[in-house]
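S.K.: First, the structure itself, so that you have it in front of you.
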Amino acid sequence: GGKDRRSGLILTIPLCLEQTSMDELSVTLDYLLSIPSEKCKARGFTVIVDGRKSQWNVVKTVVLMLQNVVPAEVSLVCVVKPDEFWDKKVTHFCFWKEKDRLGFEVILVSANKLTRYIEPCQLTEDFGGTLAYDHMDWLNKRLVFEKFTKESTSLLDELALINNGSDKGAQQERERSIDLNFLPSVDPEMVLQTGHELLSELQQRRFNGSDGGVSWSPMDDELLAQPQVMKLLDSLREQYTRYQEVCRQRSKRTQLEEIQQKVMQVVNWLEGPGSEQLRTQWGIGDSIRASQALQQKHEEIESQHSEWFAVYVELNQQIAALLNAGDEEDLVELKALQQQLSDVCYRQASQLEFRQNLLQAALEFHSVAQDLSQQLDGLLGMLCVDVAPADGASIQQTLKLLEEKLKSVDLGLQGLREKGQSLLDQISNQASWAYGKDVTIENKENVDHIQGVMEDMQLRKQRCEDMVDVRRLKMLQMVQLFKCEEDAAQAVEWLSELLDALLKTHIRLGDDAQETKVLLEKHRKFVDVAQSTYDYGRQLLQATVVLCQSLRCTSRSSGDTLPRLNRVWKQFTITSEERVHRLETAVAFHSSAEKILQECPEQPEAFNEMEQFDEIEAVGKSLLDRLTVPVVYPDGSEQYFGSPSDMASAAEHIREKMKLVSLKKQQLRQPEDATPES
C-alpha cells in the first residue's frame, strides 16, 4: 500500500533465517505484479529487500532475480542490512559491478535510515514507519476476491447458456434437453451476497484488523478490484433476472398442470370419502364420556379433512398468483377451477363446523347435567343426615349452606334448560346438512334423550325443595331453642352480676334517717330488676321445654340452667332480705338518735325518757353486731357485704352517733344529780 516519492508502488520482500525457495519467491512476485494496473506499473516499483535476518548470498540472489522478474518496472532496490554488517568491500564491489547489467539502482541501507529514500508515512512499523498494514486482512480479501471472480464468471456462463437456450424456442425437445442443466452449479443469491460483502469491504476506509483506529487508504490493487467487482455484479444481476423470469415461466406452465390434477384430487376426496364419513355421524351421546368419544372421532375426521384443506389453501394461493400473472387464455380455466374448489371446500368445512358445534353443545349439556346431578346428590345427602349442631350459630351456618345449595341447584337447572334448548335448536337445523339422508329417527332419539334429562332433573329438584322446606322449619325451631337456652343462661349471668353488685357495692347504711330511707327505696327498685330478670329466665326455660317437645329432643342446657337460676335467685333473695333488715334497723337507729339529739335539755319530759337512750344503744349495738355477721346461704357458703374496710367505715359512723347519744344522756343526767346536793 505504500508509495515512493515518484508515486511508484513499494514492494517489500522479507527474508528469514530459513532457506528461501527462489522458485516460490518468483511465483509470488509474478502474482503480486499481476495485480496492479498497467498505469501503476509504468510509474515503476521500489523494492525493499529486508535482509536483516538473512545472509548476503541469499540477498544477492534475490536482487539478481528481480532482473528476470521485473526488470523494466524496478527503479530502486533498497537492501536493509542487519546490525552485524556483511563484508563491506565485497558487498560494495558486487553492487557496483552489477549496476549496469541490472538496470536499476541498488542501495544498501540500515532500517533506521530507510526514511531518507521513502517517506515514513509510506513505510510499515517494521521499518520505523507509520503506515498501517495488516497482511492477513489483505490476503483474506484477495482470496475472497479471486473466489468471487471465479464463481461469478462460471455462473455467468451457466446462466447465459440457460437463458439463451430458453430463448431459442419452446419446443418440448429443447425444454427436455435444457432440463438436465436447468439449475446452476452454485446459488446465484450466495454469489451476489458474497460480491456485495466484498465490495463493501473494499470500500471501507480502514483495515478491519488495525488497532487504535488509524486511518488507512485503500491500495491500488483494491481500487482496481472495485470496478471489476461492480462490473461482475451488474452482469450477474442482469443474467440472474433473466434466469428468474425463465424459471417463472416454466414454473407457471408446470404449476397449471399440477393444479388441475390436485384440484380434482381434492374435489373427488371431499365429495366421496369425506362426505361419507359425515353421513355416518349423527348421534350426540347420552353422557359426557359418550360425547367426548364422538368428539374424538370427529377430530379424527377433521384431521383427515385438514390435510385436504391445507392442499386447498395452497392451491388457492397458486391459482391467485397465476391469475395475477397469467395469460388471457388461462384466466377462464383458472377461475373455473378456483370456483369449483372453493364451493366444495366451503360446503364441507361448514358441515364439519356444524357437527363440531353440535357435539360441543352436547358436551356442555351433559356436563351441566352431571354437575346438577352431583349438586342434587350433595343436597339430598345433606338433607338425609340428621341435624345435630353444637349451637345456634352452627345451625345458622348450616341453614345458610342449605339455602346456597338450593340456589345453586336453581341456577344449575336454569343453565341446563338453556343448554338443552340451544341443543334442540341445533338439532332441528341438522336435517339441512343431511345430503338427502333421512335423519328423523336419529334426531328423535336425541330430542327424547335431552327432554328426558331435563324432566328428570326437574323432578329431583322438586323433591329436594320439599325436603328443604321441612328441614328449614326444623332448623329455625332449633335456632329458636338455642336462642332461648342462651338467653336463659344470660339471665342467670345477669342475676349473678346483680347478686355480686349487691354484695360489693350496696354497702352504705346512710349518715341519717333520710339518706337511709333513700337507700332503702333504691334497694327495693334494685330487687324489682332482679325479680324481672328471674321471671324472664323462667319464661325462657319454659319455652325451651315446649320447643324440645316439638322437636322430640332433649334440651342441651336447660337441665342445669333451671337449678342454677333457682340457686342464684335464692342467694339473691337471702342477701336482699339481709340488706333490707340492715337498712330498716339503720332507719330505726338514725330516727331515734336524731330525735333525742334534737330535743332541748330544758324540756322536763326529757328527764323521764332515759329508757329511750338504752333502747337506742341496744339498737346500735345490734346493728354493729349484724355488720360483722356474714350472709349464710342454704348450701352453707357465706358472703360478706363489701370489704372489711368498708364495714369498718360504716360501723365507725354508727359508733360516732352512739357516742353523741351517750354524751346527750350524760348531759341530761347532770341536772338530776345536782338537785339532791342543792
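Just so you know, we're using the UniProt record's numbering here: the sequence shown kicks off at 1 and counts up by one.
Note that CB positions come from ideal geometry on N, CA and C, so glycine has one too.
1) Would you tell me roughly how many angstroms separate the C-alpha atoms of Glu146 and Arg6, rounded to the nearest one?
2) Determine the direct distance from the alpha carbon of Asn566 to that of His581, and round the result to whole angstroms.
3) Would you report the Cα separation of Ser185 and Gln261, rounded to the nearest angstrom?
4) Since Gln228 sits in a beta bridge, which residues does DSSP pair it with?
5) What's the gap between the Cα of residue 681 and the Cα of Gly128?
6) Around the Cβ of Ala111, are there at least 16 other Cβ atoms within 10 angstroms (buried) or fewer (exposed)?
7) Could you compute how far the alpha carbon of Ala588 sits from the alpha carbon of Ser649?
8) Locate the alpha helix (DSSP H) running through Glu201, then write down its first and last residues.
9) Tell me, to the nearest whole angstrom, how far the beta carbon of Gly2 is from that of Leu123; I am working on the premise that it is less than 8 angstroms.
10) Judging by CA-CA distance, which residue of Leu32, Thr12, Tyr31, Asn57 is the nearest neighbour of Asp50?
11) With a threshold of 16 other CB atoms inside 10 Å of the CB of Asn446, please say whether the residue is buried or exposed.
12) Could you tell me whether the Cβ atoms of Leu331 and Leu323 are closer together than 8 angstroms?
13) Measure the beta-carbon distance from Leu457 to Leu406 and round it to whole angstroms, keeping in mind my assumption that it falls under 8 angstroms.
14) Which residue's Cα is closest to the Cα of Gly537: His506, Asp635, Trp494?
15) On the three-state DSSP scale, how would you describe Gln244?
16) Among residues of its own chain, excluding the 5 on either side of Leu540, which ones have a beta-carbon nearer than 7 angstroms to its beta-carbon?
17) Under a Cβ-count criterion, where at least 16 other Cβ atoms within 10 Å of its own Cβ denotes burial, should Gly436 be classed as buried or exposed?
18) Taking 7 angstroms as the cut-off, is the beta-carbon of Met382 closer than that to any non-hydrogen atom of the ligand HEM?
19) What separation, rounded to the nearest whole angstrom, lies between the Cα atoms of Glu300 and Gln277?
20) Can you tell me which of the three DSSP states Ile288 falls into?
21) Between the Cα of Glu38 and the Cα atoms of Ser428, Pro14, Glu73, Trp282, which residue gives the shortest distance?
22) Taking the DSSP output, what are the residues bridged to Val62?
23) Quick check on Asp4: buried or exposed, where buried means 16 or more other Cβ atoms within 10 Å of its Cβ?
24) Helix, strand or coil for Ile118, going by three-state DSSP, please let me know.
25) Along the chain, where does the alpha helix (DSSP H) containing Cys40 start, and where does it finish?
26) Taking its Cβ as the centre, do 16 or more other Cβ atoms sit within 10 Å of Gln239, making it buried, or is it exposed?
27) Given that a residue counts as buried once 16 or more other Cβ atoms are within 10 Å of its Cβ, and exposed if not, what is Gln375?
28) Given that a residue counts as buried once 16 or more other Cβ atoms are within 10 Å of its Cβ, and exposed if not, what is Pro188?
29) Out of Gln598, Gly378, Ala513, state which residue places its alpha-carbon closest to the alpha-carbon of Ser408.
30) Looking at Cys16 and Ser54, is the spacing between their C-beta atoms short of 8 angstroms?
31) For the beta strand (DSSP E) holding Leu25, just list the boundary residues, first then last.
32) Determine the direct distance from the alpha carbon of Leu476 to that of Asp560, and round the result to whole angstroms.
33) Can you tell me which residues form a DSSP beta bridge with Pro14?
34) Buried or exposed: Lys522, going by 16 or more other Cβ atoms within 10 Å of its Cβ?
35) Roughly how many angstroms separate the alpha carbons of Cys78 and Leu143, rounded to a whole number?
36) Along the chain, where does the alpha helix (DSSP H) that runs through Val529 open and close?
M.R.: In short:
1) Glu146 and Arg6: Cα-Cα distance of roughly 30 angstroms.
2) In a straight line, the C-alpha of His581 is about 22 angstroms away from that of Asn566.
3) When the Cα atoms are used, Ser185 and Gln261 turn out to be separated by approximately 31 angstroms.
4) None; Gln228 has no bridge partner.
5) As shown, the chain starts at 1 and ends at 678. That puts residue 681 outside it, with no answer to give.
6) Burial call: buried.
7) Each residue's Cα considered, the two are about 19 angstroms apart.
8) Segment 188 to 202, the alpha helix (DSSP H) holding Glu201.
9) The pair is a contact, with the Cβ atoms about 6 angstroms apart (cut-off 8 angstroms).
10) Nearest to Asp50 by alpha-carbon distance, out of Leu32, Thr12, Tyr31, Asn57, is Thr12.
11) Under this definition Asn446 is a buried residue.
12) Yes; because the gap between Cβ atoms is below 8 angstroms, this pair is in contact.
13) The question names Leu, but residue 457 in the sequence shown is Met. Between Met457 and Leu406 the beta-carbon gap is near 14 angstroms, outside 8 angstroms, which marks them as no contact.
14) The shortest C-alpha separation from Gly537 is found at Trp494.
15) DSSP places Gln244 within a helical segment (H, G or I) once states are collapsed to three.
16) So the qualifying residues of the chain are Cys484, Asp487, Ala488, Ala491.
17) Confidence at Gly436 is low in this model, with a pLDDT of 45, below 50, so its placement is unreliable and the value that follows should be read with caution. Classification of Gly436: exposed, given that the 10 Å Cβ count is below 16.
18) Ligands displayed in this structure: none; no statement on the ligand HEM is therefore possible.
19) Going from the Cα of Glu300 to the Cα of Gln277 covers about 10 angstroms.
20) Of the three classes helix, strand and coil, the one that applies to Ile288 here is helix, per DSSP.
21) Nearest to Glu38 by C-alpha distance, out of Ser428, Pro14, Glu73, Trp282, is Glu73.
22) Residue pairing of Val62 in beta bridges, as defined by DSSP: absent, with no partner found.
23) Residue environment: Asp4 is assigned as buried (16 or more neighbouring CB atoms within 10 Å of its CB, all protein chains considered).
24) Annotated three-state conformation of Ile118 is coil, per DSSP.
25) Per DSSP, Cys40 is one residue of the alpha helix (DSSP H) stretching across 38 to 42.
26) Within a 10 Å sphere around the beta-carbon of Gln239 sit 16 or more other beta-carbons, which makes this residue buried.
27) Flag for Gln375 reads buried.
28) With 16 or more other Cβ atoms within 10 Å, it is buried.
29) Out of Gln598, Gly378, Ala513, Gly378 has the C-alpha closest to the C-alpha of Ser408.
30) Cβ distance < 8 angstroms, so Ser54 and Cys16 count as in contact.
31) Per DSSP, Leu25 belongs to no beta strand (DSSP E); it is in the alpha helix (DSSP H), 22 to 33.
32) Distance between the alpha carbons of Asp560 and Leu476 is about 24 angstroms.
33) As DSSP reads the structure, Pro14 sits in a beta bridge with Asp50.
34) Lys522 comes out exposed.
35) Cys78 and Leu143 have their alpha carbons spaced roughly 29 angstroms apart.
36) Unbroken alpha helix (DSSP H) run through Val529: 513 to 551.
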